[in-house]
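Heads up: the protein sequence lines correspond to chains A and B, in order.
Numbering of the first sequence is given in UniProt numbering, commencing with residue 1 and proceeding in unit increments.
Numbering of the second sequence is given in UniProt numbering, commencing with residue 1 and proceeding in unit increments.
Number of protein chains: 2
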Amino acid sequence: MRIGELARATGTKAETIRYYEREGILPSADRTDSNYRDYSAGHLATLNFVRRARELGFNMAQVRELLKLSDHEDNDCADVDKLVKDQLVEVDRKIADLTSLRDELGQMLTSCQADRIGDCRIVESLGRTRKTQVSAGS
Amino acid sequence: MRIGELARATGTKAETIRYYEREGILPSADRTDSNYRDYSAGHLATLNFVRRARELGFNMAQVRELLKLSDHEDNDCADVDKLVKDQLVEVDRKIADLTSLRDELGQMLTSCQADRIGDCRIVESLGRTRKTQVSAGS
DNA sequence: TATGCACCTTGTAGTAACTACAAGGTCAAG
DNA sequence: CTTGACCTTGTAGTTACTACAAGGTGCATA
Numbered sequence: 001m002r003i004g005e006l007a008r009a010t011g012t013k014a015e016t017i018r019y020y021e022r023e024g025i026l027p028s029a030d031r032t033d034s035n036y037r038d039y040s041a042g043h044l045a046t047l048n049f050v051r052r053a054r055e056l057g058f059n060m061a062q063v064r065e066l067l068k069l070s071d072h073e074d075n076d077c078a079d080v081d082k083l084v085k086d087q088l089v090e091v092d093r094k095i096a097d098l099t100s101l102r103d104e105l106g107q108m109l110t111s112c113q114a115d116r117i118g119d120c121r122i123v124e125s126l127g128r129t130r131k132t133q134v135s136a137g138s
Numbered sequence: 001m002r003i004g005e006l007a008r009a010t011g012t013k014a015e016t017i018r019y020y021e022r023e024g025i026l027p028s029a030d031r032t033d034s035n036y037r038d039y040s041a042g043h044l045a046t047l048n049f050v051r052r053a054r055e056l057g058f059n060m061a062q063v064r065e066l067l068k069l070s071d072h073e074d075n076d077c078a079d080v081d082k083l084v085k086d087q088l089v090e091v092d093r094k095i096a097d098l099t100s101l102r103d104e105l106g107q108m109l110t111s112c113q114a115d116r117i118g119d120c121r122i123v124e125s126l127g128r129t130r131k132t133q134v135s136a137g138s
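Below you can see the structure in the form of structure tokens.
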């Protein structure tokens, strides 16, 4: 299959597929007589794997790891397990961060009922002490 | 105050401060005779405002907006309110995404008790159908 | 006075993971 | 034989910084 078809089949832009090839994430495809890339079912599977891992928040280095690990059936499953666990910890940390962030934003909203910026608690809580503010010169 | 002092006072790298100036986020500072930047209390306040907004997840365009709005005391507070609300919606969306992501990762972990990658449910659930896999060429 | 060191200047390039675009080649249909 | 979809390579842009190089400044100390 050509790159466009693979792109449609996986919901990936052709440019991204070429990028993956350049980066060594995806093995390079065969070429047709007219130099078009010619992909196999194996490429399709690998690309789906990559996209899924990326959706799950794994970065490119981690995806490389996962690919390498999954390439040899005799590898120790614990290595994959660890990557997933690390990822889980990371995701939990992000959720915690965002949750406290949401709380702060919520606080801001409920605390301000002013009309004018001059009285706005939101601007105030962002820490701008306007008394000492200098006007932005060009 | 010189850039290093401002940097220490705000927990911002000097390079980042210069970057903010280049980007027009921070008004350009006066210069000493020896061409060093010389910051005022107003700069300190603005930089704190910017850093705080960034911590709260506002991107640079939004920070620009907030700065512009907060610059005129007579502006309508509702504009700031809307930015904060939008941000809140965005944060909630991210939390939801990450939560379902965490669930999936958790599922993976509990579902796989294998030793070998060949039997690994994690690799499987990442969608790689190894039967059709092609080996990665050079 | 010399020298060492922290600090400052500008300019350029690197980061992550793509995305966009330009200039041109290929192929099937009408 | 032309139109249009598709493909090729190569380069540059995105976000919000961060790092580094090469050189100037300011102050304390030997």
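Even glycine gets a Cβ: it sits at the ideal position worked out from N, Cα and C.
For Gly11 (chain B), the closest Cβ of chain A is not nearer than 8 Å. Remark: C-beta atoms of Ala29 (chain A) and Arg37 (chain A) approach each other more closely than 8 Å.
Scanning the UniProt domain "HTH merR-type" (1-69) of chain A from its first residue to its last, the whole alpha helix (DSSP H) runs of 4-plus residues come out as 3-10, 14-22 and 41-55.
Closer than 8 Å to the CB of Glu5 (chain A) there is not a single CB belonging to chain B. For Lys94 (chain A), the C-beta contacts it makes with chain B under 7 Å involve Leu98, in order along the chain. Leaving aside the five residues that flank Arg2 (chain A) on each side, the residues in its chain whose CB is nearer than 6 Å to its CB run, in chain order, Tyr36.
Annotated as distal: Val91 (chain A) and Arg93 (chain B), with beta-carbon spacing of 8 Å or more. When C-beta atoms of the region 54-63 of chain B are compared with those of the region 95-110 of chain B, fewer than three pairs fall below 8 Å, so the two segments do not count as touching.
For Asp92 (chain A), the uninterrupted alpha helix (DSSP H) segment begins and ends at Cys77 to Ser111. For Ser70 (chain B), the CB contacts under 8 Å within the same chain, skipping 5 residues up- and downstream, are Phe49 and Val80 in chain order. Take the alpha-carbon of Tyr39 (chain B) and the one of Leu6 (chain B): they are about 7 Å apart. Sequence-distant partners of Thr12 (chain A) (beyond 5 residues in either direction) whose C-beta falls short of 7 Å from its own C-beta, in its chain, are Leu47 and Arg51.
A distance of 8 Å or more separates the beta carbons of Leu56 (chain B) and Thr10 (chain B). The Cβ neighbour count for Gln87 (chain A), taken over all protein chains shown within 10 Å, is at least 16; the residue is labelled buried.
Proximity of Lys82 (chain B) to chain A, defined by a Cβ-Cβ separation below 8 Å, is not satisfied. With a beta-carbon spacing of about 6 Å, Leu105 (chain B) and Val84 (chain A) fall inside the 8 Å limit used to define contacts. Excluding its 5 nearest sequence neighbours in each direction, Ala53 (chain B) has C-beta neighbours in its own chain below 6 Å: Val63 and Leu66, listed in chain order.
Burial is judged here by how many other beta carbons sit within 10 angstroms of a residue's own beta carbon; Tyr19 (chain A) has fewer than 16 and is exposed. Listed along chain A are Leu88, Val91, Asp92 and Ile95, each with a C-beta nearer than 8 Å to that of Arg102 (chain B).
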